[in-house]
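Basically our numbering = 1-based index in the sequence shown + 8.
Glycine is no exception: its CB is placed at the ideal position from the N, C-alpha and C atoms.
Here the structure is a predicted model, which is why all the values come from computation and not from measurement.
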Amino acid sequence: MTQLTRRFLLSGSAAVSASAALPASAATPKPSGAVPAPRQLAWHRLGAHAFMHFTINTFTDREWGYGDEQTSLFNPTDFSADQIAGAVVAGGLNGLILTAKHHDGFCLWPSRFTEHSVRNSPYKDGKGDIVGEMAEACRRHGLKFGVYLSPWDRNHAEYGRPAYVEYYHAQLNELTTQYGPLFEVWFDGANGGDGYYGGARERRKIDGHTYYQWDRVREIVRRNQPDAVMFADSDMDIRWVGNEDGQAGNPCWPTWDLASPYSLDKANHGVRGGPLWNPAEVDVSIRPGWFWHADEAPKSPATLTRIWFESTGRGASLLLNVAPDRRGRVPDADVASLKAWKAIRDKTFAANLARGARVAASSRFGPAFSAANVLSETVAWAAAKHDSAGAWLRFDLARPATFDVIRLSEDIRYGIRVDGFAVDIRTGDGWREIARPPSIGPERLVRLDQPVTTTAVRIRILGASAAPILNRFGLFRMPEVVEEPMIRRDAQGLVTISSPAAGVDLRYTLDGSRPTANSPAYTRPFALPEGGTVKAIARHAGTEAVSDVTVAAFDVAPARWRITADGNEAPDGKPYAGAPGQPLELVIDLAQSYTVRGFTLTPSQRFDVAIDVVAKMGPPAGYEAWLSDDGKTWGDAVARGEFSNIAASRAEQKIRFAAPRAARFLRLELPNAVQDKPIVVVGAVGIITR
Ligand code: FUL
């Protein structure tokens, strides 16, 4: 299976924006460079919102349906649009985007143009309309509503031919006229090529730049929903951030160009000074998968908080996915995580410790742009026209403050003006620099490793293309949170324990008991003794979190790896790579016989190597697997298939065999990489034995 590039380029981009309603006068600074269109500005101001992945995949345990699924499979037993909307509100999110149709083509609304929809499912005896119910529940809960309509459709017989494009446009028209105001319409760039396609079961290749007639798509959405922003990998109103891990680049400019070549790094960082306003949206799921799977758990409140700082805090908007289960409800554990995450944010931002500060600045543009305005949510401080790099602000605090979060925004109606700044605090004998972020943009949150206490704070603008125009300055104190540690086994079977945060104390036990401050400290990878299970604790500043993962999905360390077909066995921590144009074959010797129930495959975590379009390597698009007792006789393959969404997501893929059996050897053949890249690369493989 080949995955075509996710990217499609749209010439004559919609992102060319009109200035967002600024009074033009000599008393007002002139915008610099690209500025957001009014609909983009409204989207920035909306803040974080939710994704909702729910369809037949929820019932088949898949991430990508092939398109041949029976509509009778869609059968939520206790669907509640209000419970889902309530969970989104409980997480402090302001809108929801629903997968009205995912790649398998099943429609969650009774589309007039296909039989492959809820109309032919048991849900409400075919009288249900999930899109309509969600749209109404969102309105009841004060949430904005948006839709995702997958361009790639693995069900439709005409996919790849002109008739499908007509169908796609007709569906888009239906969705954008029948469900009230939409704030965002989401166009997924994924295209894996093969599918059911009305029974043809073949690979169909399209040119993503031209096939869907994007100009026509834009026309439909603009006509029916003039206020909605359109999301696409690039070059619509809102761009993809280039990964599904919840990480915006640092910096993550909201500006873009069409002149330089597309890359995931460009998507992640944007283009400083680019002529188009095209901000990044950070789509990430609360669980490893986008759809609900019984054996997955939600991210912890501490992890969601880190994601918040790495997305919103870098000026991008967060789109956090919830995955309703087979009842059609967000599971309790996920709701609990969402609530606790919101509580952390509420507590952090409840009191701005800079309030009441005396503010001095290097200059001001005029009386309407005074230094004190930098504390405001609505008006802004603007430096005098020629005061750009070198401009500064000083905050003499009303009382000494202890804080670990600093917030600052550019008033983006005037464009992006600042390239970097330093934050200093007053110490007994002068000033001490505590942070040096590379940008401000729509929002900058600085999270310090440790709280600091001071009576005064200074902001120094280090680089700027025009005089800075800033507001929303704040100093905050976070409640103490620490993420649970990650426990993994490397290719040699050694256990590694790690934390995404610096300065964290990691301890562990091997007997299943809860680790404490007195348990052995983790220092380096170690071999897991027979029968041992690892539990780890992370401790930081009086807070602790225990990992409830023991040793991931697989409990057997490969005793010996043999990688054939000219593949090279890479040194520890490096990905396994095949030879150009060759399948990558892995033979894993478990040293003794186990009931092999499946395997896990983790794409390379090295972003540059694994999935960047400019790189020559990519994760495998699919697999074939064999089992053997002696490593010589393999018989028929026990499984073959695709790795869904592996080009964009670095989450572990879990393949369970239909008929598990005892074996000592597993052979995997990974025929080709995604997106026609010549070299297959793999991060890690695990064996599922329970
Ligand atoms: C990707 C899709 O392939 C995934 O299934 C998911 O919908 C994600 C948000 O976008 O491109």
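Those residues which DSSP pairs with residue i across a bridge
i    : result
T603 : A670
E71  : E71 pairs with nothing; no bridge assigned.
S125 : C115
I246 : F239
D202 : R211
I228 : According to DSSP, which records beta bridges pairwise, I228 is partnered with nothing at all.
K662 : T608
A430 : R468
K135 : K135 is not bridged to any residue.
N329 : F59, S293
D644 : DSSP lists no partner for D644.
Exposure label - residue i; buried when at least 16 CB within 10 Å
i    : result
T107 : buried
A458 : Per the sequence shown, residue 458 should be read as Gln rather than Ala. It is exposed - the Cβ of Q458 has fewer than 16 other Cβ atoms within 10 Å.
N653 : buried
Q255 : buried
T386 : exposed
A567 : Annotation note: pLDDT 42 at A567 (below 50); position unreliable, coordinate value reported separately. A567 should be labelled exposed.
N526 : exposed
G203 : buried
D253 : buried
D291 : buried
I402 : A small fix is needed here, since residue 402 is Arg in this sequence, not Ile. Classification for R402: buried.
E227 : exposed
Q48  : buried
A692 : buried
Q600 : exposed
D112 : buried
D462 : The displayed chain sequence assigns Thr, not Asp, to residue 462. By the neighbour-count rule (16 or more Cβ atoms within 10 Å), T462 is buried.
H394 : exposed
T311 : buried
P375 : exposed
T531 : exposed
Extent of the continuous alpha helix (DSSP H) to which residue i belongs
i    : result
D86  : Premise fails: D86 is in no alpha helix (DSSP H) and is neither H nor E.
K109 : Looking at the DSSP string, K109 is not in any alpha helix (DSSP H); the run it does join, the beta strand (DSSP E), is 103-109.
A310 : 309-318
K274 : 272-277
Q458 : Segment 452-472 is the beta strand (DSSP E) holding Q458; no alpha helix (DSSP H) there.
L116 : Looking at the DSSP string, L116 is not in any alpha helix (DSSP H), and its letter there is neither H nor E.
D291 : Taken as a continuous stretch (DSSP letters only), D291 belongs to no alpha helix (DSSP H), being part of the beta strand (DSSP E) at 288-293.
I545 : Here I545 belongs to no alpha helix (DSSP H); instead the beta strand (DSSP E) covers 543-548.
V682 : From DSSP, V682 is part of no alpha helix (DSSP H); its letter is neither H nor E.
I352 : 340-357
E141 : 138-148
W51  : 46-54
Residue i, enclosing beta strand (DSSP E) - first and last residue
i    : result
R407 : 400-418
I696 : 692-696
W439 : 438-443
E182 : That residue, E182, is in no beta strand (DSSP E); its alpha helix (DSSP H) goes 170-186.
L483 : 477-484
M238 : 237-240
T504 : 502-506
G711 : The chain is shown only over 9 to 698; residue 711 falls outside these bounds and no answer can be derived.
W194 : 192-194
R366 : 366-369
E491 : Careful: E491 lies outside any beta strand (DSSP E) and carries neither H nor E.
F153 : 152-157
V554 : 551-554
R515 : 513-517
Closer than 7 Å: residue i CB and nearest ligand 1 heavy atom
i    : result
N653 : yes
W72  : yes
G197 : yes
W298 : yes
H110 : yes
A656 : yes
D291 : yes
H61  : yes
Cβ-heavy atom distance, residue i to ligand 2, below 7 Å
i   : result
A56 : The model depicted lacks ligand 2 and carries ligand 1 instead.
Chain B contact for residue i (CB, 8 Å cutoff)
i    : result
L361 : Chain labels in this structure do not include chain B; a single protein chain is all it has.
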